[in-house]
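Report on one structure; see the data block that follows.
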Amino acid sequence: MVDVNGRVAVITGASRGLGAGLARHFAGRGMRLGLCARSDPVLPGSDDVVATSVDVAEAGALDAFAAEVAGRFGAIDLWVNNAAVLEPIGPLRDTEAGDIAAHLAVNVMGVVHGTQAYIRHLRARGGEGVLANLSSGAADHGYAGWAAYCASKAAVDRLTEVTNLEEADHGLRAYAFSPGVVDTDMQHLIRRCPPERFPAVGRFLELARTQAFNSPAHVATHLLAVAFDPAQRPGGYKVRVPNEVR
Ligand SMILES: NC(=O)c1ccc[n+]([C@@H]2O[C@H](COP(=O)([O-])OP(=O)(O)OC[C@H]3O[C@@H](n4cnc5c(N)ncnc54)[C@H](OP(=O)(O)O)[C@@H]3O)[C@@H](O)[C@H]2O)c1
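This is the structure:
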């Protein structure tokens, strides 16, 4: 495993689910962390953790958070835009436009805010950095009932691609990082959906029956290898975590 002891990472959406799992794994490998979510991050503030309440939809909040983390730990080696929502779920024709706008404010503008904050940090300090924007199979394939989520994750992929075009010569590598299926609150929400709102629900119920999930530790190991192990550096900007073999 690549040595990441002492490296600095920021994770948004680190109160529960995958973000919390990444935080625990990174901390266990000796990293210093900046963690945020709207509610309390999974690890409290300490000598090695800056933990703050941040809504990624708020312009400027992540700039301030980046400055706080850099003030404590110096250069940020890895920035993970993990925070996202899944709802609204259901046919587009029945969905309130305001609910879609609220979704895009988190899943698209939240990633824009995090990406801008990290680019500004790197440009000011110089040096190299890695950006991981959490993507999904929903970026590549439409699912009936997930208009907002599919649109937002496709947007994340394009934002990531453009970020590379603009920043690769300035030390930034950006990845649209699909974790595979991880059993979090988001998956619980999916499995509770009636088929009339989400017709593909049976596929996700079957994944749960067979426990065909990627663990957060498996995703975290893969992400750190992509970020810091030159031998495992991907060729393109899209990365999908392979299914965990147990
Ligand atoms: N789970 C999967 O199978 C799967 C598959 C593909 C991709 N992904 C992606 O992986 C990422 C993590 O998903 P997950 O399954 O862990 O989701 P989750 O269990 O629903 O957790 C989402 C996290 O995002 C935070 N968050 C939501 N809105 C926020 C906001 N406005 N500002 C700051 N933080 C916010 C939540 O914390 P608060 O509520 O406290 O703010 C929580 O910590 C997402 O980008 C998701 O799209 C997940």
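For the sequence shown, the working numbering assigns the number 19 to the initial residue and increments by one for each residue that follows. Backbone N, C-alpha and C define an ideal beta-carbon position, used for all residues, glycine too. These numbers come from a predicted model, not from an experiment.
What runs of the alpha helix (DSSP H), each 4 residues or longer, lie entirely inside the stretch 94-159?
Counting whole runs of 4 or more residues, the stretch 94-159 contains the alpha helix (DSSP H) stretches 115-125, 127-143.
T181 to V126 span [Cα, whole Å]
Locating residue 181 in the sequence shown gives position 163, counting from the first residue. Locating residue 126 in the sequence shown gives position 108, counting from the first residue. Distance between the alpha carbons of T181 and V126: 14 Å.
Spatially closest choice to V98 from L61, R141, L51, by CA coordinates
As a working mapping, residue 98 is identified with position 80 in the sequence shown. V98 has its Cα closest to that of L51, out of L61, R141, L51.
Taking only the alpha-carbon atoms, compute the straight-line gap between G116 and G46 and give it to the nearest angstrom.
The residue labelled residue 116 in the question sits at position 98 within the sequence shown. The residue labelled residue 46 in the question sits at position 28 within the sequence shown. Distance from the CA of G116 to the CA of G46, rounded to the nearest whole angstrom, comes to 41 Å.
With DSSP run on the structure shown, which of helix, strand or coil describes F216?
Residue 216 sits at position 198 when you count from the first residue of the sequence shown. Secondary structure at F216: coil, using DSSP grouped into helix, strand and coil.
L61 lies in the beta strand (DSSP E); which residues open and close that run?
By one-based count along the sequence shown, residue 61 stands at place 43. Neither: L61 is in no beta strand (DSSP E) and is coded neither H nor E.
Starting from F195, trace the beta strand (DSSP E) both ways and give me its first and last residue.
Locating residue 195 in the sequence shown gives position 177, where the first residue counts as 1. The continuous beta strand (DSSP E) containing F195 extends over residues 190-196.
Considering just the uninterrupted stretch of the beta strand (DSSP E) at C168, what are its terminal residues?
Here residue 168 corresponds to residue number 150 of the sequence shown, with the count starting at 1. Premise fails: C168 lies in the alpha helix (DSSP H), 165-185, not in any beta strand (DSSP E).
Ignoring anything shorter than 3 residues or poking outside the stretch 232-258, list the beta strand (DSSP E) runs there in chain order.
Positions of the beta strand (DSSP E) runs, each at least 3 residues long and wholly inside the stretch 232-258, are given as 256-258 in order along the chain.
How close, in whole Å, do the beta carbons of V200 and P234 come, if the pair is a contact with beta carbons under 8 Å?
Against the sequence shown, residue 200 aligns to sequence position 182. Against the sequence shown, residue 234 aligns to sequence position 216. Indeed, because the Cβ distance is near 6 Å, the residues count as touching under 8 Å.
Same chain, Cβ closer than 7 Å to A156, neighbours up to 5 away in sequence not counted:
Start at 1 with the first residue of the sequence shown, and residue 156 comes out as number 138. Excluding positions up to five away in sequence, the list reads W164, Y167, C168, K171.
At what residues does the beta strand (DSSP E) containing V87 begin and finish?
Working through the sequence shown from its first residue, we reach residue 87 at position 69. No beta strand (DSSP E) contains V87, which is instead part of the alpha helix (DSSP H) from 79-91.
From L110 to E214, what distance separates their C-alpha atoms?
Residue numbering aside, residue 110 sits at position 92 when the sequence shown is read from its first letter. Residue numbering aside, residue 214 sits at position 196 when the sequence shown is read from its first letter. Rounded to whole angstroms, the separation of the alpha carbons of E214 and L110 is 12 Å.
Please check the pair R34 and V72, which I expect to be a contact at CB under 8 Å, by giving their CB distance rounded to whole angstroms.
Translated into the one-based positions of the sequence shown, residue 34 becomes position 16. Translated into the one-based positions of the sequence shown, residue 72 becomes position 54. That belief does not hold up - the Cβ atoms of R34 and V72 are roughly 15 Å apart, past 8 Å.
CA-to-CA distance, P217 to E137, given in whole angstroms
Here residue 137 corresponds to residue number 119 of the sequence shown, with the count starting at 1. Here residue 217 corresponds to residue number 199 of the sequence shown, with the count starting at 1. In the sequence under discussion, the amino acid at residue 137 is Ile, which differs from the Glu named in the question. Approximately 39 Å between the Cα atoms of the pair.
Given a threshold of 16 other Cβ atoms within 10 Å of its Cβ, counted over all protein chains shown, does M19 qualify as buried or as exposed?
Position 1 of the sequence shown, counted from the start, is the residue given in the question as residue 19. With fewer than 16 Cβ atoms within 10 Å of its Cβ, M19 is classed as exposed.
Would you kindly report the start and end of the unbroken alpha helix (DSSP H) that includes T39?
The residue labelled residue 39 in the question sits at position 21 within the sequence shown. For clarity, residue 39 is Gly in the given sequence; the question names Thr instead. Its alpha helix (DSSP H) spans residues 35-46.
What number of angstroms, rounded off, separates the C-alpha of T178 from the C-alpha of V257?
The count along the sequence shown starts at 1 and reaches residue 178 at position 160. The count along the sequence shown starts at 1 and reaches residue 257 at position 239. Those two C-alpha atoms are separated by around 11 Å.
Is there at least one non-hydrogen atom of ligand 1 closer than 7 Å to the beta-carbon of L36?
For the purposes of this step, residue 36 is identified with residue 18 of the sequence shown, where counting begins at 1. Indeed, a heavy atom of ligand 1 lies less than 7 Å from the Cβ.
I believe L207 touches L104 by the beta-carbon criterion, under 8 Å. Please report the beta-carbon distance rounded to the nearest angstrom.
As a first step, residue 207 is located in the sequence shown; it is residue number 189 there, counting from the start. As a first step, residue 104 is located in the sequence shown; it is residue number 86 there, counting from the start. Sure, about 6 Å apart at Cβ, within 8 Å.
So, with DSSP's three-state summary, where would you put A75?
Here residue 75 refers to the residue found at position 57 of the sequence shown. DSSP places A75 in the coil class of the three-state scheme, outside both helix and strand.
Exposed or buried, which one is V263 when buried takes at least 16 other CB atoms within 10 Å?
Position 245 of the sequence shown holds residue 263. Looking at its Cβ environment, which holds fewer than 16 other Cβ atoms inside 10 Å, V263 is exposed.
Whole-angstrom distance between R56 and G39, CA atom to CA atom
Taking the first residue of the sequence shown as position 1, residue 39 is located at position 21. Taking the first residue of the sequence shown as position 1, residue 56 is located at position 38. Rounded to the nearest whole angstrom, the CA to CA distance from G39 to R56 is 17 Å.
What residue range is occupied by the uninterrupted beta strand (DSSP E) comprising R50?
As a working mapping, residue 50 is identified with position 32 in the sequence shown. Annotation for R50: the continuous beta strand (DSSP E) segment containing it runs 50-55.
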